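Participant:
Numbering (this note's numbering), first residue to last: 1398 to 1691.
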């Protein structure tokens, strides 16, 4: 679907297929009528509103760009506000800008005019998966020409910072009200990378979350019949490291859901098992929302 006018992110994300449209606001925040839990559910990689400028710049067609999405993870957690849990969702695609990276992770191959000292040569950047990705998740180049540094700065200012601003505001509000804040950062992983498990919980090997909280979240997923593993192969990304400060009673867990549970990965469409998986994820959120965290 192609639209030339701006579209409400909520309206666009409620539609099943991706759309091409200008985005009139860079972040979706869904708050409950009553804040009952210090938990914030986030989905940074399920955005499927593709700005026309990105399609004009990229050398990949939309169907290949979409394979980098954590497709429809936002719809797995959309009932969170019904349980008293706030949700923050990025409506823009991760191939456009990746909120789960540091703004320092800029790629000098994609942005050759960067001053040498400002290029962030992390493993992600070297793989072409910096804050402005150079490569798709499938290992295909996204562009056939370099981009201007001004493009990176604009994407960071217009999309990345509002997303993280919303995360920070909500976690601070939770901490003010409950004395504790917990970020559940929802993602999905290719079935081939899942290694036979349904859920991978990442807490940066214990540095981003209190062990008791991690153990309880794991047990709630197991209670729903999910096969769960910790920190392999995903220990948590930038958001987990940034917002997980157990010493301040701020905790973060990255949650990777096996796409084989709910998605046709080749077509990037919801599979017949999507409703059952969503029901189980909702049961997890409902159970966690009723916990008396301290």
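Even for Gly, the Cβ is constructed at its ideal location relative to N, Cα and C.
This one's a predicted model, so the numbers in the text were calculated from it and none came from an experiment.
For residue 1568, which option in 1655, 1482, 1471 and 1465 has the closest C-alpha, if you only look at C-alpha atoms?
Facilitator: For the residues 1655, 1482, 1471 and 1465, the minimum Cα distance to residue 1568 belongs to 1482.
Participant: Verify whether the separation of the beta carbon atoms of residue 1503 and residue 1563 is less than 7 Å.
Facilitator: The answer is no: Cβ separation not under 7 Å.
Participant: Using three-state DSSP, classify residue 1451 as helix, strand or coil.
Facilitator: Three-state result, residue 1451: helix.
Participant: Do you know offhand how far residue 1430's Cα is from residue 1542's?
Facilitator: Rounded to the nearest angstrom, the two C-alpha atoms are 47 Å apart.
Participant: Could you give the DSSP three-state label for residue 1499: helix, strand or coil?
Facilitator: Note: residue 1499 maps to coil in three-state DSSP.
Participant: Is it a yes or a no for the stretch 1680 to 1687 touching the stretch 1467 to 1480, going by three-plus beta-carbon pairs under 8 Å?
Facilitator: With the cut-off at 8 Å, the stretch 1680 to 1687 and the stretch 1467 to 1480 touch.
Participant: When burial is assigned at 16 or more other CB atoms within 10 Å of the CB, is residue 1609 buried or exposed?
Facilitator: Per the 10 Å Cβ criterion, exposed.
Participant: Under 8 Å: do the stretch 1486 to 1501 and the stretch 1525 to 1535 share three or more Cβ pairs, one atom per stretch?
Facilitator: Yes: the two stretches touch, three or more of their Cβ pairs being nearer than 8 Å.
Participant: When the Cα atoms are used, what is the spatial distance from residue 1533 to residue 1576?
Facilitator: Between residue 1533 and residue 1576, the C-alpha separation is close to 40 Å.
Participant: Buried or exposed for residue 1651, please, with buried defined as at least 16 other CB atoms from any protein chain shown within 10 angstroms of its CB.
Facilitator: Flag for residue 1651 reads buried.
Participant: Identify whether residue 1619 lies in helix, strand or coil by the three-state DSSP scheme.
Facilitator: DSSP places residue 1619 in helix when its eight states are reduced to three.
Participant: Can you tell me whether residue 1649 is helix, strand or coil according to DSSP?
Facilitator: Note: residue 1649 maps to strand in three-state DSSP.
Participant: In whole angstroms, what separates the C-alpha of residue 1507 from that of residue 1535?
Facilitator: Straight-line Cα distance between these residues: approximately 17 Å.
Participant: Could I get the ranges of all uninterrupted alpha helix (DSSP H) runs contained in the stretch 1569 to 1643, with 4 residues as the minimum, in chain order?
Facilitator: With a minimum length of 4 residues, the continuous alpha helix (DSSP H) runs that stay inside the stretch 1569 to 1643 are 1608 to 1620 and 1635 to 1640.
Participant: In the DSSP assignment, find the unbroken alpha helix (DSSP H) run with residue 1462 in it and report its ends.
Facilitator: Per DSSP, residue 1462 belongs to the alpha helix (DSSP H) from 1459 to 1462.
Participant: Which class does residue 1560 belong to by DSSP, given the choice of helix, strand or coil?
Facilitator: Residue 1560 falls in the helix class under three-state DSSP.
Participant: Identify whether residue 1687 lies in helix, strand or coil by the three-state DSSP scheme.
Facilitator: If DSSP states are grouped into helix, strand and coil, residue 1687 belongs with coil.
Participant: Assuming the contact rule is C-beta atoms closer than 8 Å, residue 1633 and residue 1600 should be a hit. Round their C-beta distance to whole Å, please.
Facilitator: About 6 Å separates the two Cβ atoms, so the contact holds.
Participant: Specify the secondary structure class of residue 1666 as computed by DSSP and reduced to three states.
Facilitator: Reduced to three states, the DSSP call for residue 1666 is strand.
Participant: Is residue 1401 helix, strand or coil when you go by DSSP?
Facilitator: Confidence at residue 1401 is low in this model, with a pLDDT of 43, below 50, so the placement of that residue is unreliable and no value is reported for it.
Participant: Are there 16 or more other CB atoms within 10 angstroms of the CB of residue 1612, so buried, or fewer, so exposed?
Facilitator: Exposed.
Participant: If we call anything under 7 Å between Cβ atoms a contact, is residue 1656 one with residue 1588?
Facilitator: Closer than 7 Å, so yes.
Participant: Determine, for residue 1575, whether the minimum Cβ-Cβ distance to residues of chain B falls below 7 Å.
Facilitator: Of the chains in the structure shown, none is chain B; there is only one protein chain.
Participant: What's the call for residue 1400, buried or exposed, on a 16-neighbour Cβ count within 10 Å?
Facilitator: In this prediction, residue 1400 scores a pLDDT of 46, lower than 50, which makes its location untrustworthy; the coordinate-derived value is nonetheless stated afterwards. So residue 1400 counts as exposed.
Participant: So what does DSSP say about residue 1538, is it helix, strand or coil?
Facilitator: DSSP places residue 1538 in strand when its eight states are reduced to three.
Participant: CB residue 1443 to CB residue 1467, shorter than 7 Å?
Facilitator: Yes, Cβ-Cβ distance for residue 1443 and residue 1467 is below 7 Å.
Participant: In whole angstroms, what is the alpha-carbon distance linking residue 1594 and residue 1485?
Facilitator: So the two alpha carbons sit approximately 26 Å from each other.
Participant: Which value, in whole angstroms, describes the spacing of the CA atoms of residue 1449 and residue 1457?
Facilitator: Going from the Cα of residue 1449 to the Cα of residue 1457 covers about 13 Å.
Participant: Can you give the Cα-Cα distance for residue 1580 and residue 1436, rounded to whole angstroms?
Facilitator: If I take the Cα positions, the gap works out to 6 Å.
Participant: Do you know how far the Cα of residue 1446 is from the Cα of residue 1398?
Facilitator: In this predicted model, residue 1398 has a pLDDT of only 46, less than 50, meaning its place in the structure is not dependable; the value taken from the coordinates is given anyway. Using only the alpha carbons, I get a separation of about 10 Å.
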